[in-house]
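Student: Numbering (UniProt numbering), first residue to last: 1 to 126.
All C-beta atoms, glycine included, are put in the ideal place defined by N, C-alpha and C.
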DNA sequence: ATTCTTACA
DNA sequence: TGTAAGGA
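1. Could you check where the beta strand (DSSP E) with residue 49 kicks off and where it finishes?
2. Under the DSSP definition of a beta bridge, which residues are partnered with residue 14?
3. Just curious, the alpha helix (DSSP H) that residue 23 is in, first and last residue?
4. Give the straight-line distance between the Cα atoms of residue 39 and residue 108, rounded to the nearest whole angstrom.
5. May I ask which residues mark the beginning and end of the alpha helix (DSSP H) holding residue 99?
6. Nearest by alpha-carbon distance to residue 61: which of 30, 43, 112 is it?
7. Between residue 8 and residue 58, is the Cβ-Cβ spacing less than 8 Å?
8. Taking only three categories from DSSP, how would you classify residue 94?
9. Which residues in the same chain as residue 159 place their Cβ atom closer than 7 Å to its Cβ, once the five residues preceding and following it in sequence are excluded?
10. Taking the alpha-carbon positions, what's the residue 106 to residue 80 distance?
11. Quick check on the burial criterion: 16 or more other C-beta atoms within 10 angstroms. Buried or exposed for residue 42?
12. With residue 78 and residue 110 assumed to form a contact (beta carbons below 8 Å), what rounded beta-carbon distance in angstroms separates them?
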C-alpha cells in the first residue's frame, strides 16, 4: 500500500487547478507557502506544482483558519505533528532497553492499581 | 492564456 | 488579502 502515497506526493497540479480545488486565491496559496505551511515544487519554468497532499493540506489549513486559528497556531500544530512523527520514527529503530522494560512494567503495575485513567506512552511492539 | 515577483493612490 | 505592473 505504498504506491498510493507515492502518487499523492506527485506534484502535478498548477496553481490554477489548486485554486479551483480549494477555493483559495493564488495570493492566499502563495502566502501559505511563504509561511512554510506548504512546500510545492517548481517546474522548469519556476511555476509552482502541487501534489494531492498539498491540496489536502491547503483544505486543512482553510479549516483551521475557519476555526479561528492563526498562522502561528497552525504552524504550532504542524510543528508538533512533525515532532510526534519523529518520535515515532525514533522508537521504530531503537530496540527496547532494560530500562524501557522496567518502565513499562512499572507503568502497568500502576494501571493495575487503577491509579491512572488514560493511555500512557506507547511503546514499540516487536 | 497562465503564473511569477514586487509593491501599494 | 486584493490588485496592478512588467516580465517569462
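Tutor: Reading off the structure:
1. 48-50
2. 49
3. Neither: residue 23 is in no alpha helix (DSSP H) and is coded neither H nor E.
4. 42 Å
5. 98-112
6. 30
7. no
8. coil
9. Because the chain spans 1 through 126 in this model, residue 159 falls outside it and cannot be assessed.
10. 28 Å
11. exposed
12. Not quite, the Cβ-Cβ distance comes to about 33 Å (not below 8 Å), so this is no contact.
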